[in-house]
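Read the structure below first, then the notes.
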Amino acid sequence: MVYLVVAICLSRPSALSWRTAVMALAIELAGVLIVGTASIVFSDSFPDATVWSDYGIGYGFIPLVLPIAGLAWLLRAGTRHDFSTVAGSPTKAG
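Counted the way the working numbering counts, the sequence shown spans residues 6 to 99.
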């Protein structure tokens, strides 16, 4: 669901879309880090593996890498500028 929100935001270049995509990816990353850490520290509480268990080891760490890569791309100055400019007219960014 998070990546659907991010995809929609990326298709609509605006400052609000940029902020929404950053927030969605930050929440996703926080979930991976919290559940990943909890699944290691409290391993008895996680008898069954989830996508985020052990930081996504069962999925090639994709659940950890994807939000980091997305945030890195969105937080570049050029990307933020692209999203704060709609139809060639700059808007106030953030």
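Positions of the beta carbon are idealized from the N, C-alpha and C atoms, including for glycine. Keep in mind it's a predicted model, so treat the numbers as computed, not measured.
{"Asked": "Per-residue burial, P68 [other beta carbons within 10 Å of its own, 16 or more giving buried]", "Found": "buried"}
{"Asked": "Beta-carbon contacts of L30 that lie in its chain and below 8 Å, excluding the five residues immediately before and after", "Found": "V7, V11, P72, G75, L76 and L79"}
{"Asked": "Rounded straight-line distance, which links the Cα of V37 to that of T84", "Found": "24 Å"}
{"Asked": "Closest residue to I56 among E33, V46 and C14 (Cα-Cα distance)", "Found": "Ile is not the amino acid found at residue 56; the sequence shown has Val there. Looking at the Cα atoms, E33 is the closest of the given residues."}
{"Asked": "Supposed close pair Y60, F66 - CB separation, criterion 8 Å", "Found": "6 Å"}
{"Asked": "Contact test: S48 Cβ vs the ligand MN heavy atom, cutoff 7 Å", "Found": "For the structure depicted, the ligand MN is absent and the ligand set is empty, with no information on it obtainable."}
{"Asked": "Spatial distance of A98 from L9 (CA atoms)", "Found": "For A98, the pLDDT reaches just 49, beneath the cut-off of 50, and the residue's location in the model is therefore unreliable, although a value from the coordinates is still provided. Looking at the two C-alpha atoms, the distance is approximately 24 Å."}
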